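Heads up: the sequence shown runs through residues 97 to 261, numbered per my numbering.
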Amino acid sequence: MLNIVLYEPEIPANTGNIGRTCAATNTRLHLIEPLGFRLDEKSLRRAGMDYWNELDVTTYIDYQDFMEKNPGAVIYMATTKAPNVYTQVQYEPDCYLMFGKESGGIPEEILVKHKKNSIRIPMAGDSRSLNLGNSAAIILYEALRQNGFTGMNMEGHLHRLEWEE
Numbered sequence: 097m098l099n100i101v102l103y104e105p106e107i108p109a110n111t112g113n114i115g116r117t118c119a120a121t122n123t124r125l126h127l128i129e130p131l132g133f134r135l136d137e138k139s140l141r142r143a144g145m146d147y148w149n150e151l152d153v154t155t156y157i158d159y160q161d162f163m164e165k166n167p168g169a170v171i172y173m174a175t176t177k178a179p180n181v182y183t184q185v186q187y188e189p190d191c192y193l194m195f196g197k198e199s200g201g202i203p204e205e206i207l208v209k210h211k212k213n214s215i216r217i218p219m220a221g222d223s224r225s226l227n228l229g230n231s232a233a234i235i236l237y238e239a240l241r242q243n244g245f246t247g248m249n250m251e252g253h254l255h256r257l258e259w260e261e
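And the structure:
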């Protein structure tokens with residue numbers, strides 16, 4: 097099972113949207129405190145809608161706590177500063193995809209120890225960054241694709257009609 101890690105997320109709607117994506121993809125969500133909101137906030141629930149109860153979510157008091165409770169984890173760190181494009185790595189089926197807080201990303205003190213596993217999404221011009229929820233979905237779906245979308249529904253069905261041949 098893949099894992100998304102949010103390092104000190106600040107905006108509840110982003111975390112709610114990512115939680116909804118995690119529930120839809122059978123992905124675990126890890127939240128590293130401090131959080132910029134309470135987990136019972138209305139905006140978090142609204143963004144996650146009825147998916148929040150289906151979510152496998154764990155919180156940690158800080159980065160060190162996360163590392164101690166997940167020894168040996170293969171962690172890919174998403175940052176605009178990374179030397180590697182997210183499509184240039186091979187994602188293990190149980191790896192961790194880490195994203196930093198909206199205002200500052202993952203601290204460089206953490207990144208410098210993970211050059212090989214630091215990844216970025218290419219952007220045009222002087223774009224500073226993408227929305228956190230969009231970034232998480234882009235990279236997560238690449239990892240899912242590389243792992244054959246294991247356990248996911250691959251068929252679409254119309255609700256009222258049948259597909260024409």
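We put the CB at the ideal spot given by N, CA and C, even for glycine. This structure is a prediction, so every number in the text was calculated from the model and none was measured.
Between which two residues does the beta strand (DSSP E) harbouring residue i extend?
i	result
Met125	Checking the sequence, you will find Leu at residue 125 rather than Met. Unbroken beta strand (DSSP E) run through Leu125: 124–128.
Phe195	192–195
Met173	171–174
Thr155	153–156
Asn99	99–103
Please look up how many angstroms separate the CB atoms of residue i and residue j, rounded, as I've assumed it's under 8 Å.
i	j	result
Leu207	Ile217	At roughly 15 Å, the Cβ-Cβ gap does not stay under 8 Å, so Leu207 and Ile217 are not in contact.
Met163	His210	The Cβ separation is near 11 Å, so there is no contact.
Asn243	Tyr187	7 Å
Ala169	Tyr147	24 Å between Cβ atoms; not a contact.
Anyone know if the C-beta pair for residue i and residue j falls short of 8 Å?
i	j	result
Met248	Leu240	yes
Glu238	Asn110	no
Ile171	Met194	yes
Leu125	Ile107	no
Ile100	Ala232	yes
Cys191	Leu98	yes
What are the boundary residues of the alpha helix (DSSP H) that includes residue i?
i	result
Arg116	108–121
Arg241	228–242
Leu207	204–207
Tyr159	159–165
Around the C-beta of residue i, are 16 or more other C-beta atoms found within 10 angstroms, so that it is buried, or is it exposed?
i	result
Ser214	buried
Arg116	buried
Pro48	Since the first residue of the chain shown is 97 and the last is 261, residue 48 is not available in this structure.
Thr246	exposed
Glu104	buried
Gly252	exposed
Leu236	buried
Gly200	exposed
Thr183	exposed
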